[in-house]
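So the sequence lines, in the order shown, correspond to chains A and B. Each number in our numbering corresponds to the 1-based position in the first sequence with 174 added. Each number in our numbering corresponds to the 1-based position in the second sequence with 697 added. Data block below; observations after.
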Amino acid sequence: MSGYKKHSWVNIILWVLVVAVLVWMIFPLYWAVITSLKKPADVFKLAFIPFAQFEPTLDNWRSEFQFRGKEITQGLKNSLIIGIGAALIALAIGTLAGYGLARYKYHGMKNRDITMWILSQRFLPPAAVVIPFFLIFRTIGLIDSVIGLVLINATFGIPFAVLITRDAFRDLPEEIEESALVDGCSRFQVFSRIALPLAAPALVAAGIICFAFAWNEFLFAFIMSYAKATPMTVVIAGTQDTQGIQFWYVATRMLMAIVPPTVLALTVQRYVVQGLTFGAVKG
Amino acid sequence: MEHKKRTPLKEQGKTFFIAPAVIWLLTFTIIPLIYTVYLSFHSSRFLQVTGFVGFQNYIDTLTDYRFWSAFRVTITFVVFSVLITVGLGLLLALLFNRQMRGIKFFRTICTTPLFTAPVALGYMFMIILYEEGGPINNFLQALGLNSVSWLSDARWAVVSVLIADTWQWTPFVFLVLLAAMQALPRELYEAASLDTSSGWGIFQHITLPLISPALGTVSILRTVEAFKIFDLPFALTNGGPGLATRTLTFNVYTNGLRDQDLGSATATAVILLVMVLVVSLIFFRRYGSNYD
């Protein structure tokens with residue numbers, strides 16, 4: 175009896191905690207959503223529940239697109255191009271390296287050294303390279319260009335792509351590939367026709383993680399773009415200067431910046447832990 | 698043809714696979730890094746290098762109170778951010794490491810913050826922590842408490858940045874440690890619970906040693922990320938009030954690209970790089986064998 179009682183107490187505490195954590199996790203997002211749906215007059219009131227405490231309206235969203243539609247669609251488009259471009263380059267380079275590291279033993283620079291070197295790009299503080307990038311890009315005309323931002327973000331995405339695909343290729347049975355080699359396929363054919371399709375889910379996951387990080391990048395985007403190449407992160411950062419503290423607009427843009435990478439990332443949840451710990455912990 | 702040693706089948710194409718990555722990373726990280734170090738030993742005017750100055754930029758930087766302020770802010774941030782996110786993440790993972798309904802939903806909720814742009818996060822918390830009419834202060838007042846100067850007081854501004862950071866990264870630590878715990882064999886716990894009665898004993902002697910690689914990895918990853926922080930304070934407090942939330946990366950940006958003082962910006966960048974390098978070396982020493 176007492177054992178049962180203790181058990182139920184633990185359960186109650188646990189559920190209270192679950193609720194507390196959920197509230198803490200969801201509240202900021204929830205508040206952003208309702209702020210975007212409030213009339214300016216309601217924004218600074220302690221009103222949580224739409225319809226009951228305030229009258230929700232789509233006016234903010236409407237006027238955002240009406241008056242700043244160009245800036246926003248351009249921002250979303252740039253973010254999309256930068257995200258997709260960076261993810262594709264990182265994947266192309268990363269899967270090759272990932273396959274190489276999974277299937278060969280390198281000498282001179284050993285597999286471990288190469289992997290750690292690639293991984294160390296992710297540890298590198300962006301501040302350590304931002305000034306040279308700025309100067310070089312200024313010289314070659316890549317300032318305010320999405321291409322420049324694609325190149326930079328691809329660089330930061332490569333470690334994810336290499337580490338995730340390396341683990342995926344390692345989990346594939348080597349025998350199929352070996353017999354294909356004996357049958358006269360080249361290594362590249364084996365890679366592209368056998369290994370790549372089998373590792374497709376991991377590839378997609380790596381691509382989405384690269385995309386999300388490129389989409390969310392701010393330091394380089396902020397420094398390297400000022401007009402036609404500004405992605406969404408820079409567009410939201412501009413809100414303050416141009417409009418004072420009009421939180422109802424801040425909220426709409428912020429949500430537009432948050433939703434795409436988040437929703438995409440949820441589709442590959444299974445790979446998130448493994449990907450973000452670079453294979454150190456399997457999810 | 699005969700006298701040439703044929704490459705064994707399994708070794709074909711070895712260089713081909715790794716070469717693009719190596720070339721790309723040499724171009725896009727090693728060259729800029731060398732350039733940064735080069736700039737840190739030179740003077741410049743209007744973003745043009747004017748001459749070699751030896752360690753002068755470092756001397757100037759290390760005698761600048763703004764550097765030391767940013768240094769202190771960064772270290773404070775690293776220490777508290779890592780302690781709080783890893784501590785809370787571990788606690789939550791221990792509590793939720795059991796069969797539970799809705800754990801999938803919970804994990805989904807926890808994945809969201811990881812992919813929220815830190816800039817967006819900054820604005821998200823600015824709306825919440827806004828002092829005149831933000832929900833938190835309104836709520837405190839409704840309870841009859843004093844409102845808090847979240848963003849305008851130097852101490853509270855640091856706390857605010859930490860709160861937003863905790864929101865973003867505690868779930869990450871939680872997910873990683875939960876995954877590590879759930880990978881442990883169930884029988885282990887069953888056997889252990891027969892031997893020891895206390896949950897603490899099980900944690901101390903079984904769970905903790907077994908998840909320590911994951912715990913170490915996640916702590917170091919968090920440390921490295923915390924050193925780099927820029928976007929979040931930029932959006933939330935714009936580095937202020939005064940210099941209160943200006944981190945080292947923030948200084949690289951303001952010195953180099955706003956004040957166009959490349960020397961002190963790159964010197965700051967190199968110092969930051971060395972600090973991160975030390976932490977990274979610890980990581981690779983301890984966990985390098987993962988990457989054989």
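For glycine and all other residues, C-beta sits at the position ideal for the given N, C-alpha and C.
One alpha carbon belongs to B:Tyr886, the other to B:Gln901, and they sit about 12 Å apart. For the C-beta of A:Thr209, the chain B residues within less than 8 Å are, from N- to C-terminus, Ile824.
Following the DSSP letters along the chain, one finds B:Ser740 inside the beta strand (DSSP E) bounded by residues 739-742.
Uninterrupted alpha helix (DSSP H) stretches at least 4 residues long and entirely within the stretch 389-424 of chain A occur at 393-398, 406-417, given in chain order.
Sequence-distant Cβ neighbours of A:Ala301 in its own chain, meaning closer than 8 Å and more than five residues away, are Leu393. By the Cβ-count criterion, B:Trp721 is buried, with 16 or more other Cβ atoms from all chains shown falling within 10 Å of its own Cβ. Here A:Phe241 is exposed: its Cβ has fewer than 16 other Cβ atoms, across all protein chains shown, within 10 Å. Per DSSP, B:Thr747 is one residue of the beta strand (DSSP E) stretching across 745-749. DSSP, reduced to helix, strand and coil, places A:Phe228 within a strand of the structure shown. Taking the CA atoms as reference points, A:Thr451 sits about 7 Å from B:Thr914. Of all alpha-carbon atoms in B:Phe774, B:Ile756, B:Gly710, the one lying nearest the alpha-carbon of B:Gly936 is that of B:Phe774. If the five residues before and after B:Thr942 are omitted, its C-beta is found closer than 7 Å to the C-beta atoms of Val770, Ala854, Val855, Val858, Pro930, Thr934, Gly936, all from its own chain and listed in chain order. For A:Cys359, no alpha helix (DSSP H) segment is defined, and its DSSP state is neither H nor E. Under the DSSP assignment, B:Val975 falls in the alpha helix (DSSP H) whose first and last residues are 959-984.
Exposed is the label assigned to B:Phe752, since fewer than 16 other Cβ atoms lie within 10 Å of its Cβ. The beta carbons of B:Ser977 and A:Ser294 sit about 6 Å from each other, so the pair counts as a contact at 8 Å. Taking a C-beta distance under 8 Å as the contact criterion, A:Val442 and A:Gln448 do not qualify as a contact pair.
When DSSP states are grouped into helix, strand and coil, B:Arg943 belongs to the coil group. Within the same chain, and ignoring the five residues on either side of B:Met823 in sequence, the residues whose Cβ sits closer than 6 Å to its Cβ are Leu933. Fewer than three beta-carbon pairs drawn from the stretch 833-852 of chain B and the stretch 425-439 of chain A are found closer than 8 Å, and the two stretches are therefore not classed as touching. Taking 8 Å as the Cβ-Cβ cut-off, the stretch 181-194 of chain A approaches chain B at Leu188, Leu191, Val192, given in chain order. Close to B:Tyr732, with beta-carbon spacing below 7 Å, are these residues of chain A in chain order: Pro306. In terms of Cα proximity to B:Asp862, the closest of B:Leu837, B:Asn843, B:Pro815, B:Ile756 is B:Pro815. At a C-beta separation below 7 Å, A:Met428 has these neighbours in chain B: Ala817, Tyr820, Met821. Note on geometry: alpha-carbon atoms of A:Phe225 and A:Val207 lie some 14 Å from one another. The criterion of a C-beta distance shorter than 8 Å is satisfied by A:Val364 and A:Glu351. Approximately 14 Å separates the beta-carbon atoms of A:Phe343 and A:Tyr445; this is outside 8 Å, ruling out the contact.
If you draw a straight line from the Cα of A:Phe222 to the Cα of A:Trp205, it comes to about 8 Å. Within the stretch 297-385 of chain A, the complete alpha helix (DSSP H) runs of at least 4 residues fall at 301-314, 320-345, 348-356. The C-beta of B:Ala941 comes no closer than 8 Å to any C-beta of chain A. With a threshold of 8 Å between beta carbons, B:Val949 makes contact with chain A.
Interface flag for A:Thr404 against chain B is unset, since no Cβ pair is found closer than 8 Å. When CB distances to chain A are screened at a threshold of 9 Å, the residues of the stretch 967-988 of chain B falling below it are Val967, Leu969, Leu970, Met972, Val973, Leu974, Val976, Ser977, Phe980, Phe981, Tyr984, Gly985, Ser986, Asn987, Tyr988, in chain order. Per the C-alpha coordinates, the member of A:Gly268, A:Phe228, A:Arg296, A:Gln248 positioned closest to B:Thr920 is A:Arg296. Boundaries of the alpha helix (DSSP H) harbouring A:Arg444: 443-450, taken from the DSSP string. Among the CB atoms of chain A, one or more fall inside 8 Å of the CB of B:Leu945.
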